[in-house]
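*Asks:*
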Amino acid sequence: MSLASAWAVALHGVDGVLVEIEAHIGPGLPGLQMVGLPDTALSEARDRVRAAVLNSGEKWPARRMTLALSPATLPKVGSSYDLALACGLLAAEGKIPPERLRGLVLIGELALDGRLRPVRGVLPAVLAARRVGIGQVVVPIPSLAEAALVTGVRVHGASCLKEVLGWLRDPRSTLARPGPQRSAVPAAVPDLGDVLEQGDARWAVEVAAAGGHHLLLTGPPGTGKTMLAQRMVGLLPALTDHEALEVTAVHSVAGLLAADTPLITVPPFVAPHHTSSLAALIGGGSGLAKPGAVSRAHRGVLFLDEVAEFGPRSLEALRTPLEDGEVRLARRDGVVRYPARCLLVLAANPCPCAPPDERDCICPASTRRRYLGRLSGPLLDRVDVQVSMRPVKDMGQARSEPECTATVRERVLRARAAARARWAGTGWGTNAEVPGPVLRRRFRLPRAVTMPIETALHRGRVTARGADRTLRLAWTLADLAGRDRPLLEDVSAAMGLRDRSAA
Amino acid sequence: METTAQPAGRRKDELGRRGEDLAAEYLAGLGLVVLSRNWRCREGEVDLVATDGARLVVCEVKTRSGTGYGEPAEGVTPAKAARIRRIAAAWLRTYRVGWCEIRFDVLAVLCPPDGPVTVEHLRGAF
Numbered sequence: 001m002s003l004a005s006a007w008a009v010a011l012h013g014v015d016g017v018l019v020e021i022e023a024h025i026g027p028g029l030p031g032l033q034m035v036g037l038p039d040t041a042l043s044e045a046r047d048r049v050r051a052a053v054l055n056s057g058e059k060w061p062a063r064r065m066t067l068a069l070s071p072a073t074l075p076k077v078g079s080s081y082d083l084a085l086a087c088g089l090l091a092a093e094g095k096i097p098p099e100r101l102r103g104l105v106l107i108g109e110l111a112l113d114g115r116l117r118p119v120r121g122v123l124p125a126v127l128a129a130r131r132v133g134i135g136q137v138v139v140p141i142p143s144l145a146e147a148a149l150v151t152g153v154r155v156h157g158a159s160c161l162k163e164v165l166g167w168l169r170d171p172r173s174t175l176a177r178p179g180p181q182r183s184a185v186p187a188a189v190p191d192l193g194d195v196l197e198q199g200d201a202r203w204a205v206e207v208a209a210a211g212g213h214h215l216l217l218t219g220p221p222g223t224g225k226t227m228l229a230q231r232m233v234g235l236l237p238a239l240t241d242h243e244a245l246e247v248t249a250v251h252s253v254a255g256l257l258a259a260d261t262p263l264i265t266v267p268p269f270v271a272p273h274h275t276s277s278l279a280a281l282i283g284g285g286s287g288l289a290k291p292g293a294v295s296r297a298h299r300g301v302l303f304l305d306e307v308a309e310f311g312p313r314s315l316e317a318l319r320t321p322l323e324d325g326e327v328r329l330a331r332r333d334g335v336v337r338y339p340a341r342c343l344l345v346l347a348a349n350p351c352p353c354a355p356p357d358e359r360d361c362i363c364p365a366s367t368r369r370r371y372l373g374r375l376s377g378p379l380l381d382r383v384d385v386q387v388s389m390r391p392v393k394d395m396g397q398a399r400s401e402p403e404c405t406a407t408v409r410e411r412v413l414r415a416r417a418a419a420r421a422r423w424a425g426t427g428w429g430t431n432a433e434v435p436g437p438v439l440r441r442r443f444r445l446p447r448a449v450t451m452p453i454e455t456a457l458h459r460g461r462v463t464a465r466g467a468d469r470t471l472r473l474a475w476t477l478a479d480l481a482g483r484d485r486p487l488l489e490d491v492s493a494a495m496g497l498r499d500r501s502a503a
Numbered sequence: 504m505e506t507t508a509q510p511a512g513r514r515k516d517e518l519g520r521r522g523e524d525l526a527a528e529y530l531a532g533l534g535l536v537v538l539s540r541n542w543r544c545r546e547g548e549v550d551l552v553a554t555d556g557a558r559l560v561v562c563e564v565k566t567r568s569g570t571g572y573g574e575p576a577e578g579v580t581p582a583k584a585a586r587i588r589r590i591a592a593a594w595l596r597t598y599r600v601g602w603c604e605i606r607f608d609v610l611a612v613l614c615p616p617d618g619p620v621t622v623e624h625l626r627g628a629f
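Taken in sequence, the protein lines are chains A and B. Each residue of the first sequence is one higher than the last, beginning at 1 in this note's numbering. Each residue of the second sequence is one higher than the last, beginning at 504 in this note's numbering.
1. Got a sec? Which residues, its chain only, sit under 7 Å from G522/B by beta carbon, not counting five neighbours each side?
2. Quick one: residues in its chain with C-beta nearer than 8 Å to the C-beta of E546/B, no 5 flanking neighbours on either side, listed in chain order?
3. How about G466/A: is its Cβ closer than 7 Å to a heavy atom in the ligand ATP?
4. Cα separation between P178/A and L11/A?
5. Using alpha carbons as the reference points, say which of Y371/A, V345/A, I134/A, W475/A lies closest to D305/A.
6. Might you give, ordered along the chain, the residues of its own chain that have their beta carbon closer than 8 Å to the beta carbon of G57/A, omitting 5 neighbours on each side?
7. Does N431/A come out as helix, strand or coil in the three-state DSSP assignment?
8. Taking all protein chains shown into account, do 16 or more other C-beta atoms lie within 10 angstroms of the C-beta of S388/A, making it buried, or fewer, making it exposed?
9. With distances taken between CB atoms, is the gap from V449/A to L480/A smaller than 8 Å?
10. Can you name the residues of chain B whose CB is closer than 7 Å to the CB of P30/A?
11. At a Cβ cut of 9 Å, what residues of the region 592–610 of chain B count as close to chain A, listed as they run along the chain?
12. Taking only runs that begin and end inside the region 369–408 of chain A, name each unbroken alpha helix (DSSP H) of 4 or more residues, in chain order.
13. Just how far apart, CA to CA, sit A474/A and T248/A?
14. Under a Cβ-count criterion, where at least 16 other Cβ atoms within 10 Å of its own Cβ denotes burial, should L533/B be classed as buried or exposed?
15. Indicate whether at least one CB of chain A lies closer than 8 Å to the CB of R588/B.
16. Which full runs of the beta strand (DSSP E) of 3+ residues lie inside the region 516–558 of chain B, going along the chain?
17. Quick check on G512/B - is its C-beta less than 8 Å from some C-beta in chain A?
18. Can you check whether the C-beta of A628/B is within less than 8 Å of a C-beta belonging to chain D?
19. G429/A: buried (16+ other C-beta within 10 angstroms of its C-beta) or exposed?
20. Please report whether the beta-carbon of L559/B lies at a distance below 8 Å from any beta-carbon of chain A.
21. When we look at the beta-carbon of P486/A and count the other beta-carbons within 10 Å, is it buried (16 or more) or exposed?
22. Using 8 Å as the Cβ pair cut-off and three pairs as the minimum, do the region 76–83 of chain A and the region 32–52 of chain A touch?
23. Taking only beta-carbon atoms, is C562/B less than 8 Å away from chain A?
24. Could you tell me which uninterrupted alpha helix (DSSP H) segments, each at least 4 residues in length, are contained entirely in the region 66–143 of chain A, listed from first to last along the chain?
25. Quick one: what's E326/A bridged to in DSSP?
26. Under 8 Å between C-beta atoms, does L625/B make it to chain A?
27. With a cut-off of 8 Å, does the C-beta of A62/A fall near any C-beta of chain B?
28. Give the DSSP bridge partners of H24/A, in chain order.
29. What does the alpha-carbon distance come out to for the pair V8/A and L329/A?
30. G283/A and P291/A look like a contact to me (Cβ under 8 Å); what is the Cβ gap, rounded to whole Å?
31. Quick one: grab the DSSP three-state call for R514/B.
32. When the Cα of L236/A is compared with those of A280/A, T265/A, I96/A, R120/A, which residue comes out closest?
33. Any residues in the region 11–35 of chain A with a beta carbon nearer than 9 Å to a beta carbon of chain B? Which ones, in chain order?
34. Tell me the DSSP bridge mates of A158/A?
35. Nearest CA to the CA of L379/A: which residue from A229/A, A158/A, T463/A, T476/A?
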């Protein structure tokens, strides 16, 4: 037999596409041709595969070999095809039974000595295999736990090419099987009880967590903006199975998963530095773009500390992802989409000098205006909750112990459950996701209740989108209060939480 | 140890010579008529030019004593193949042969010091 096929998976964003690798060995001068849009890393597979095959005790066929990767028009990136290339070639040469490669996806990079190295994106690859009905997958042992997250596919782990070849030759032999699923011990999230005073800001954090609203905290340094933002993750509900797979898939493509406990079950907290480039924030890279901070924070919190120091280009680029819940990045090799439904938390000082007490500010008025003016109107318009924080005046002895995470979280979860029940069957989970027209028509509130919004709209103090966002906020406040619809007080409070004077 | 006493270059030439003899014998065994051996021109040298009556067969003979540096046929690089094509054209001009079908073959001769000699014939290799 001089023709054989093996199967691998190409990654396109967080989607996998099954790739058939055909190997043909024919007459002609010895050499290996690879066709089907391989990138540099994949073209180098030629040399890796050859060394790995020789060092696994196999003979390298001294004939003309052609490897075709199809679909040929799909660009193939990276080193994860090595194992499938090697097995395809050896099957074409008759060294392993070709029929054993049917219904089997092979994933892994080969080291020169034949060891199997882990690769990025194993989870989406196995998901793609399951989608087309492939029953078995071989992955490198370090990726075994990640691959085993997908149910309904038999996952095997191998440490080297020799092991895989032995297994393919002898159906009775076995490869490593995934161990029992270990759930990650969630990293200790700091407790909300650590934050002193700041009643308004704590309330704002609670509302933002309950409704999935974006949040802006302004205030002098040392008042606990960063502390509050870090504690926000603790208020969010644990990820559902579906969400956990989504988040894990993004992190898998970014190559950020822990080997032993890959499944991400708690909302991620991502805090990029303010010098981060546009590509680091949104996603980017040559060829096919890789996920950025906004996608890594999918279903979690994206915290931009010192937001006024971020480049305006970076901040403006956040606008579309925040609105759509996904990033679409067009690069040479095509458009990829990454999910980006995150909760945005912005923190900023009111001015560059930022004294503990704002009365001591020495900045000229124009500087102050310019500083927060860097946050553009369209971006702030998307931030539902905006609060300014005041300096802390006592060390916490005077008053009772502040509420801890567990207490607040309980309220948040109850509000989220109420919202979920209301939006059940519509595809939205939180109030922040609901489109404005739905709130204005299907869930229209009495005129008496929406009065403050109408007035502000009339006077030009809020935009139409801002009005929609205030409505959403009002629903969240009602959920938190345990009411089934917002009252006038909820709408007024919502207007207060969106106070533009905070920024 | 007579062989090691010789300079390395001559030993290599001898191996090549032996391989070419074997290849010529092999082609004769297939019923081909060898027209030229080691035909030289400005472009270089071609090992064997033969014919099977219908077409011209230009052969590159590559001899190795072991596979430690790869199979013999792997020694025929794209650059070498291109040179042989140019030499074949020069051969046709010199002997004023008109249009004819040409096949380029590689004869990979493996002469291990302790074992049987094998000749692998790659027809239409390039």
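No residue lacks a Cβ here, since even glycine has one placed at the ideal position from N, Cα and C.
*Replies:* Straight from the coordinates:
1. Sequence index remark: in the second sequence, residue 522/B carries index 19 (1-based). Result list for G522/B: V564, T566, V612, C614, in chain order.
2. Against the second sequence, residue 546/B aligns to sequence position 43. Listed in chain order, the non-local C-beta contacts of E546/B below 8 Å within the same chain comprise R586, R589, I590, A593, local neighbours out to five positions each way being set aside.
3. Looking for the ligand ATP in the displayed structure turns up nothing, as the structure carries no ligands at all.
4. Taking the first residue of the first sequence as position 1, residue 178/A is located at position 178. Taking the first residue of the first sequence as position 1, residue 11/A is located at position 11. Going by the C-alpha atoms only, they are around 23 Å apart.
5. Within the first sequence, residue 305/A is the residue found at index 305, counting from 1. Comparing Cα positions, the closest option is V345/A.
6. Here residue 57/A is taken as the residue at index 57 of the first sequence, counted from 1. Only residues of its own chain outside the window of five on either side were considered, and among them K162 have a CB closer than 8 Å to the CB of G57/A, listed in chain order.
7. On the first sequence, residue 431/A is found 431 positions in, with the first residue counted as 1. Helix at N431/A.
8. In the first sequence, counting from the first residue as 1, residue 388/A sits at position 388. Looking at its Cβ environment, which holds 16 or more other Cβ atoms inside 10 Å, S388/A is buried.
9. For the purposes of this step, residue 449/A is taken as the residue at position 449 of the first sequence. For the purposes of this step, residue 480/A is taken as the residue at position 480 of the first sequence. Between V449/A and L480/A, the C-beta gap is not smaller than 8 Å, which leaves the two residues out of contact.
10. Within the first sequence, numbered from 1, the residue matching residue 30/A stands at position 30. Within chain B, the residues near P30/A are E574, A576, E577.
11. Cβ contacts with chain A: V609.
12. Listed in chain order, they are 377–381.
13. Working through the first sequence from its first residue, we reach residue 474/A at position 474. Working through the first sequence from its first residue, we reach residue 248/A at position 248. Distance between the alpha carbons of A474/A and T248/A is about 33 Å.
14. Within the second sequence, the letter at position 30 stands for residue 533/B. Exposed, because fewer than 16 other Cβ atoms sit within 10 Å of the Cβ of L533/B.
15. Sequence index remark: in the second sequence, residue 588/B carries index 85 (1-based). No, R588/B does not count as interfacial toward chain A.
16. Runs found: 536–544, 547–554.
17. Within the second sequence, residue 512/B is the residue found at index 9, counting from 1. False, the Cβ-Cβ gap to chain A never drops below 8 Å.
18. No chain D appears in the structure shown, which is made up of the protein chains A and B.
19. Reading the first sequence from its first residue, position 429 is the one you call residue 429/A. Buried is the call here.
20. One-based indexing of the second sequence puts residue 559/B at position 56. Residue-level contact check: L559/B does not touch chain A, since none of the beta carbons of chain A fall below 8 Å from its beta carbon.
21. By 1-based counting over the first sequence, the position of residue 486/A is 486. It counts as buried.
22. With the cut-off at 8 Å, the region 76–83 of chain A and the region 32–52 of chain A touch.
23. In the second sequence, residue 562/B corresponds to position 59, counting from 1. It does not: the Cβ of C562/B has no partner Cβ on chain A nearer than 8 Å.
24. Taken in chain order, the unbroken stretches of alpha helix (DSSP H) that lie wholly in the region 66–143 of chain A and span 4 residues or more are 82–92, 122–131.
25. Sequence index remark: in the first sequence, residue 326/A carries index 326 (1-based). Paired residue(s): P339/A.
26. On the second sequence, residue 625/B is found 122 positions in, with the first residue counted as 1. Output row for L625/B: interface = yes.
27. Locating residue 62/A in the first sequence gives position 62, where the first residue counts as 1. Output row for A62/A: interface = yes.
28. Residue 24/A sits at position 24 when you count from the first residue of the first sequence. The partner list for H24/A (beta bridge, DSSP) reads L3/A, T66/A.
29. Working through the first sequence from its first residue, we reach residue 8/A at position 8. Working through the first sequence from its first residue, we reach residue 329/A at position 329. Residue 8/A is actually Ala in this sequence, not Val. Approximately 24 Å between the Cα atoms of the pair.
30. Taking the first sequence and counting its residues from 1, the one referred to as residue 283/A is at position 283. Taking the first sequence and counting its residues from 1, the one referred to as residue 291/A is at position 291. Rounded, the Cβ-Cβ distance is 5 Å, consistent with contact.
31. Residue 514/B sits at position 11 when you count from the first residue of the second sequence. R514/B carries a helical assignment under DSSP once its states are collapsed to helix, strand and coil.
32. Along the first sequence, one-based indexing puts residue 236/A at 236. Nearest neighbour of L236/A by Cα position, chosen from A280/A, T265/A, I96/A, R120/A, turns out to be T265/A.
33. Taking 9 Å as the Cβ-Cβ cut-off against chain B, the residues of the region 11–35 of chain A that qualify are P27, G28, L29, P30, G31.
34. For this step, residue 158/A is matched to residue 158 along the first sequence. DSSP lists P140/A as the beta-bridge partner residues of A158/A.
35. On the first sequence, position 379 is the one that residue 379/A refers to. Looking at the Cα atoms, T463/A is the closest of the given residues.
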